[in-house]
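Participant:
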Amino acid sequence: MQEQAGNMAIRTQKLNLWYGTFQALFDVDLDIKQGIITSMIGPSGCGKSTFLRSVNRINERLGYVRITGTIDVMGENIYDPEVELIQVRKQIGMVFQRPNPLPISIRENVLFGHHIHNAGRKTSKSEDDDIVEDALKTVLLWDKVKDKLDKKATALSLEEQQKLCIARLLPVKPGVLLMDEPCSALDPKGTEAVEELIWELRGQYTILIVTHNMAQARRASEECIFMLMGKVVEHTETGQMFVTPQHKETSDYIEGRYG
Amino acid sequence: MFESTELNRRNETRQKLFRIGLGTMTGILILPVVLIMSTLIYKGAPVISFEFLFTGPTKGMTAGGIFPALLGTILLVVVALLASVPLGIAAAIYLSEYASDNWFTRAINLAIINLAGVPSIVHALFGVGAFVIFFKFGTSILAASLTLAIMTLPVVIVATRESLQAVPMAFREACWNMGATRWQTIRRVVLPNAVTGILTGVILEVSRTSGETAPIMFTGAAFFLPLLPQGVLDQTMALSLHLFVVSTQVPNMPEQLPFGVALVLISMVLLMNSLSIALRMYLRGKKKW
Ligand SMILES: Nc1ncnc2c1ncn2[C@@H]1O[C@H](COP(=O)(O)OP(=O)(O)OP(=O)(O)O)[C@@H](O)[C@H]1O
Ligand SMILES: [Mg+2]
Numbered sequence: 001m002q003e004q005a006g007n008m009a010i011r012t013q014k015l016n017l018w019y020g021t022f023q024a025l026f027d028v029d030l031d032i033k034q035g036i037i038t039s040m041i042g043p044s045g046c047g048k049s050t051f052l053r054s055v056n057r058i059n060e061r062l063g064y065v066r067i068t069g070t071i072d073v074m075g076e077n078i079y080d081p082e083v084e085l086i087q088v089r090k091q092i093g094m095v096f097q098r099p100n101p102l103p104i105s106i107r108e109n110v111l112f113g114h115h116i117h118n119a120g121r122k123t124s125k126s127e128d129d130d131i132v133e134d135a136l137k138t139v140l141l142w143d144k145v146k147d148k149l150d151k152k153a154t155a156l157s158l159e160e161q162q163k164l165c166i167a168r169l170l171p172v173k174p175g176v177l178l179m180d181e182p183c184s185a186l187d188p189k190g191t192e193a194v195e196e197l198i199w200e201l202r203g204q205y206t207i208l209i210v211t212h213n214m215a216q217a218r219r220a221s222e223e224c225i226f227m228l229m230g231k232v233v234e235h236t237e238t239g240q241m242f243v244t245p246q247h248k249e250t251s252d253y254i255e256g257r258y259g
Numbered sequence: 260m261f262e263s264t265e266l267n268r269r270n271e272t273r274q275k276l277f278r279i280g281l282g283t284m285t286g287i288l289i290l291p292v293v294l295i296m297s298t299l300i301y302k303g304a305p306v307i308s309f310e311f312l313f314t315g316p317t318k319g320m321t322a323g324g325i326f327p328a329l330l331g332t333i334l335l336v337v338v339a340l341l342a343s344v345p346l347g348i349a350a351a352i353y354l355s356e357y358a359s360d361n362w363f364t365r366a367i368n369l370a371i372i373n374l375a376g377v378p379s380i381v382h383a384l385f386g387v388g389a390f391v392i393f394f395k396f397g398t399s400i401l402a403a404s405l406t407l408a409i410m411t412l413p414v415v416i417v418a419t420r421e422s423l424q425a426v427p428m429a430f431r432e433a434c435w436n437m438g439a440t441r442w443q444t445i446r447r448v449v450l451p452n453a454v455t456g457i458l459t460g461v462i463l464e465v466s467r468t469s470g471e472t473a474p475i476m477f478t479g480a481a482f483f484l485p486l487l488p489q490g491v492l493d494q495t496m497a498l499s500l501h502l503f504v505v506s507t508q509v510p511n512m513p514e515q516l517p518f519g520v521a522l523v524l525i526s527m528v529l530l531m532n533s534l535s536i537a538l539r540m541y542l543r544g545k546k547k548w
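Chains S and G are the protein sequences, given in the same order.
Mapping of the first sequence onto our numbering: residues 1 to 259, in sequence order.
Mapping of the second sequence onto our numbering: residues 260 to 548, in sequence order.
1) According to DSSP, simplified to helix, strand and coil, what is SER124(S)?
2) Please check if any C-beta of chain G sits within less than 8 Å of the C-beta of PHE112(S).
3) DSSP three-state call for SER105(S): helix, strand or coil?
4) Per DSSP, what kind of secondary structure is ALA439(G) in: helix, strand or coil?
5) Three-state secondary structure (DSSP) at ASP72(S)?
6) I need the straight-line Cα distance from THR154(S) to SER105(S), nearest angstrom please.
7) May I have the straight-line CA-CA distance separating ARG543(G) from THR12(S), to the nearest angstrom?
8) With a Cβ-Cβ cutoff of 8 Å, do VAL344(G) and VAL461(G) count as a contact?
9) Cα separation between ASN270(G) and SER263(G)?
10) Please report how far the alpha carbon of GLY347(G) lies from the alpha carbon of ALA328(G), in whole angstroms.
11) Report all residues from its chain with a CB closer than 6 Å to the CB of VAL336(G); omit the five preceding and five following residues, and keep chain order.
12) Go through the residues and name those whose CB comes closer than 6 Å to any heavy atom of ligand 2, in chain order.
13) Return the residue from the list PHE518(G), ARG268(G) and GLY438(G) that minimises the CA-CA distance to LYS90(S).
14) Using three-state DSSP, classify CYS46(S) as helix, strand or coil.
15) Can you give me the C-alpha to C-alpha distance between HIS114(S) and VAL139(S), rounded to a whole angstrom?
16) Could you give the C-beta distance for LEU177(S) and LEU169(S), rounded to a whole number, given that I count them as a contact under 8 Å?
17) Kindly indicate which three-state DSSP category PHE26(S) falls into: helix, strand or coil?
18) Strictly below 8 Å CB to CB, what residues from chain G border HIS212(S)?
19) Using a threshold of 7 Å, is the CB atom of LEU178(S) nearer than that to any non-hydrogen atom of ligand 1?
20) Report the CB separation of GLY303(G) from THR314(G) in whole angstroms; it is logged as a contact under 8 Å.
21) Can you tell me which of ASP72(S), PHE51(S) and LEU62(S) puts its alpha carbon nearest to the alpha carbon of GLN34(S)?
22) Under 8 Å by Cβ, that's how I've got SER251(S) and HIS212(S) pegged, so tell me the actual separation to the nearest angstrom.
23) Quick check: is the beta carbon of LEU102(S) nearer than 8 Å to any beta carbon in chain G?
24) CA-CA distance, ASN511(G) and PRO517(G)?
25) Just to check, is the beta-carbon of GLY45(S) closer than 7 Å to a non-hydrogen atom of ligand 1?
26) Assign GLY42(S) to buried or exposed, taking buried as 16 or more other Cβ atoms, counted over all protein chains shown, within 10 Å of its Cβ.
27) For a contact meaning CB atoms closer than 9 Å, what does VAL454(G) contact in chain S?
28) Could you check if TRP362(G) is buried or exposed, using at least 16 other CB atoms within 10 Å of its CB as the buried criterion?
29) Bridge partners for PHE226(S) per DSSP, in chain order?
30) I'd like the list of long-range same chain contacts for TRP435(G), defined as Cβ closer than 7 Å, with 5 residues on each side in sequence excluded.
31) Whose CA, out of GLN424(G), PHE483(G) and TRP442(G), lies closest to the CA of THR455(G)?
32) Skipping 5 residues on each side, what residues in its chain have a beta carbon closer than 8 Å to that of TYR541(G)?
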């Protein structure tokens with residue numbers, strides 16, 4: 001993997017995306033820096049989820065999606081025909097709005113990705129134990145669940161489920177974590193806990209987080225992207241965006257005049 | 260202030276009328292079932308014994324038991340299942356997990372629905388043409404079972420497809436996003452969660468298959484055989500056909516014997532159905548999401 005590509009984790013150039021004949025993204029040019037938290041805000045339907053879903057190529061599952069332009073992740077064009085989709089997904093983890101742990105035990109959830117990517121090689125029990133403990137400790141869940149690792153993950157509280165969904169991405173060592181409104185199904189306390197966790201992960205992973213919560217974007221990100229109707233309006237350092245937005249649309253949105 | 264008005268009272272009467280009306284209809288609906296079951300038990304139960312179940316018919320079928328027919332039905336069902344279950348499940352997995360929605364898969368789906376509506380006598384004739392004559396299996400257990408398999412394939416496919424589709428999309432997305440292939444996703448997440456529905460479908464198929472007469476009549480079931488079948492290329496007796504024979508084809512039949520045969524057949528079906536319901540309740544209780 002090329003490290004030098006201007007330490008950009010995600011770089012898109014002239015990215016256009018169509019669902020059938022409906023164009024959802026227009027000439028998106030973005031440079032998302034490695035190792036920081038970037039938040040993405042904008043009114044409903046402006047294409048935030050669409051953008052996220054094209055970065056890990058989950059969109060193409062819908063047969064009718066068409067893309068032009070390029071998306072480079074860690075310096076490599078992920079839409080290059082040579083690229084192995086499985087490796088892309090491994091490198092780029094995704095967290096959804098509704099926590100979606102698999103209906104298996106907590107332990108198996110954490111190990112799922114690890115086992116998938118090591119299919120064929122038998123992993124030892126102690127290796128597995130270490131992985132589970134590491135991942136759950138990273139997401140600040142270990143103390144709560146260490147005695148019930150064999151319980152169904154779906155029985156956890158939503159907050160714990162969401163943390164588990166983050167934890168299960170870690171064992172395969174992704175570079176990028178995409179989060180699509182990861183806190184919107186949680187109560188204020190859960191939101192705070194997950195935000196805190198995301199902040200902890202800063203530096204080790206490049207995190208791109210979509211949110212409808214201005215306060216959250218402001219608190220928990222270093223750079224901020226404002227999108228409107230499929231276009232990027234503004235992309236600056238978060239503090240600056242909320243204090244001195246460069247565009248009228250941005251300040252209107254931040255002040256809650258629409259969206 | 261709170262006393263009832265004219266309108267309240269009228270609604271109350273109407274309400275009562277509807278309840279009685281609908282209740283009566285339900286009663287009429289289950290009446291035949293109750294009548295059939297009680298007649299069968301009343302007239303058939305006395306003939307049922309260990310002898311009846313485990314010996315062959317004697318004296319031109321007017322005496323003795325039904326063992327060859329019972330065994331034959333079980334053989335027919337088992338061989339039919341061996342053919343239809345793997346094929347049906349594979350087809351359902353393909354249709355629900357792999358195939359994209361286009362004219363071709365829609366045509367296949369339509370064909371499956373139509374296959375379910377084809378009268379069993381047509382399946383019987385198809386079975387004669389295809390298995391007995393073309394594949395040269397002769398009239399045999401194999402030919403009869405394959406005919407049954409084709410006839411019940413839609414049940415397996417539809418039940419499997421529906422239980423696959425009942426597994427939430429979020430689980431699949433979670434897997435794909437971690438880089439699991441389609442097959443890994445199916446193997447590790449979709450199938451384990453769909454297995455209840457699939458089992459139910461299979462058991463329902465068993466109970467349907469065991470009662471069918473027309474499809475096996477020309478393809479492998481015989482009125483009477485002195486010996487038990489030795490292999491799948493032999494003919495066999497079967498409960499459903501035996502019931503037809505003893506009730507209509509044999510003179511001087513003791514009145515109660517056909518009722519006994521019918522009772523055994525229907526008990527088999529009911530047993531299977533209750534097993535399927537119990538299994539479904541048990542597994543559903545265990546699963547949570
Ligand atoms: N699968 C799809 N097929 C067709 N159109 C879609 C599909 N998904 C999204 N769209 C359309 O693309 C546009 C962008 O949707 P997207 O989900 O990316 O918005 P969003 O910014 O994430 O909104 P929200 O804040 O509500 O999540 C919308 O107009 C939406 O209707
Ligand atoms: Mg969205």
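Glycine included, C-beta positions come from ideal geometry on N, C-alpha and C.
Facilitator: Looking at the atomic coordinates:
1) SER124(S) carries a coil assignment under DSSP once its states are collapsed to helix, strand and coil.
2) It does: the Cβ of PHE112(S) has a partner Cβ on chain G nearer than 8 Å.
3) Judged by DSSP in its simplified three-state form, SER105(S) adopts strand.
4) Correct three-state label for ALA439(G): coil.
5) In the structure shown, ASP72(S) sits in a strand (DSSP, three-state: E or B).
6) The alpha-carbon of THR154(S) is positioned some 8 Å away from that of SER105(S).
7) Their backbone Cα atoms lie some 47 Å apart in a straight line.
8) Cβ distance < 8 Å, so VAL344(G) and VAL461(G) count as in contact.
9) Taken atom to atom, the span from the alpha-carbon of ASN270(G) to that of SER263(G) is near 11 Å.
10) Their Cα atoms are separated by approximately 27 Å.
11) For VAL336(G), the CB contacts under 6 Å within the same chain, skipping 5 residues up- and downstream, are VAL465, THR468 and SER469 in chain order.
12) So the residues near ligand 2 by this Cβ test are LYS48(S), SER49(S) and ASP180(S).
13) It is GLY438(G) whose Cα lies nearest to the Cα of LYS90(S).
14) It is coil, neither helix nor strand.
15) Approximately 17 Å between the Cα atoms of the pair.
16) Distance from LEU177(S) to LEU169(S) at the Cβ level is roughly 6 Å; contact confirmed, criterion being Cβ atoms closer than 8 Å.
17) In this structure, DSSP gives PHE26(S) an extended state, which the three-state scheme calls strand.
18) What HIS212(S) touches in chain G: nothing, since even the nearest Cβ is about 20 Å away.
19) Result no, Cβ not under 7 Å from ligand 1.
20) Between GLY303(G) and THR314(G) the beta-carbon gap is near 17 Å, outside 8 Å, which marks them as no contact.
21) If we check each option's Cα against that of GLN34(S), ASP72(S) comes out closest.
22) Not confirmed; about 17 Å, so no contact.
23) Yes, LEU102(S) counts as interfacial toward chain G.
24) The alpha-carbon atoms of ASN511(G) and PRO517(G) are separated by roughly 12 Å.
25) True, at least one ligand heavy atom lies under 7 Å from that Cβ.
26) Burial check for GLY42(S): the Cβ neighbour count within 10 Å reaches 16 or more, so the residue is buried.
27) Here the premise fails: no neighbours, minimum Cβ distance about 12 Å.
28) An exposed status is given to TRP362(G), since fewer than 16 other beta-carbon atoms sit within 10 Å of its beta-carbon.
29) PHE226(S) is bridged to ILE41(S) and GLU234(S).
30) Around TRP435(G): THR444.
31) When C-alpha distances from THR455(G) are compared across GLN424(G), PHE483(G) and TRP442(G), the shortest belongs to GLN424(G).
32) Closer than 8 Å at the Cβ level, and outside the excluded window around TYR541(G), lies no residue.
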